[in-house]
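If you read the sequence shown in this note's numbering, its first letter stands for residue 60, the second for the next number, and so on.
Just so it is clear, CB atoms sit at the ideal spot from N, CA and C, and this is done for glycine as well.
Since the structure is predicted, the reported quantities are computational estimates derived from the model, not experimental observations.
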Amino acid sequence: MNSYSHLTNAMLQRGVQLKDIASVLQASDTTVYKKIHAETSFTFEEAKKIQSELFPDLSLTYLFEIQEKISPY
Numbered sequence: 060m061n062s063y064s065h066l067t068n069a070m071l072q073r074g075v076q077l078k079d080i081a082s083v084l085q086a087s088d089t090t091v092y093k094k095i096h097a098e099t100s101f102t103f104e105e106a107k108k109i110q111s112e113l114f115p116d117l118s119l120t121y122l123f124e125i126q127e128k129i130s131p132y
């Protein structure tokens, strides 16, 4: 299972919620959830918008690096 762990960590540290990203993207919370958990992909335009509006001090490459989660089973 993959996820954008740098993005989710930045969200937690700064109090950014799914609804905040959904608002920036004009998308549903469900759509954003699926994108953050790498069930569907962010477009470059979506990623750039999130980075520039919510995390301007973090690089696009850092925020959207996919981290592979290794299952213990």
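**OP:** Note down the Cα distance separating residue 102 from residue 120, rounded to an integer number of angstroms.
**Re:** One-based indexing of the sequence shown puts residue 102 at position 43. One-based indexing of the sequence shown puts residue 120 at position 61. The C-alpha of residue 120 is placed about 13 angstroms away from the C-alpha of residue 102.
Subject >> Cβ neighbours of residue 107 in the same chain (closer than 7 angstroms, five flanking residues each side left out) >> reply: Indexing the sequence shown from 1 puts residue 107 at position 48. Once the five neighbours on either side are set aside, the close Cβ partners of residue 107 are 119.
Original post:
Under 9 angstroms between the Cβ atoms of residue 86 and residue 62?
Top reply: Locating residue 86 in the sequence shown gives position 27, where the first residue counts as 1. Locating residue 62 in the sequence shown gives position 3, where the first residue counts as 1. Note that the C-beta distance between residue 86 and residue 62 is not below 9 angstroms.
**OP:** Pull up the DSSP beta-bridge partners for residue 72, would you.
**Re:** For the purposes of this step, residue 72 is identified with residue 13 of the sequence shown, where counting begins at 1. According to DSSP, residue 72 bridges with nothing at all.
Subject >> residue 110, DSSP secondary structure in three states >> reply: Here residue 110 is taken as the residue at index 51 of the sequence shown, counted from 1. Here DSSP, grouped into helix, strand and coil, assigns residue 110 to helix.
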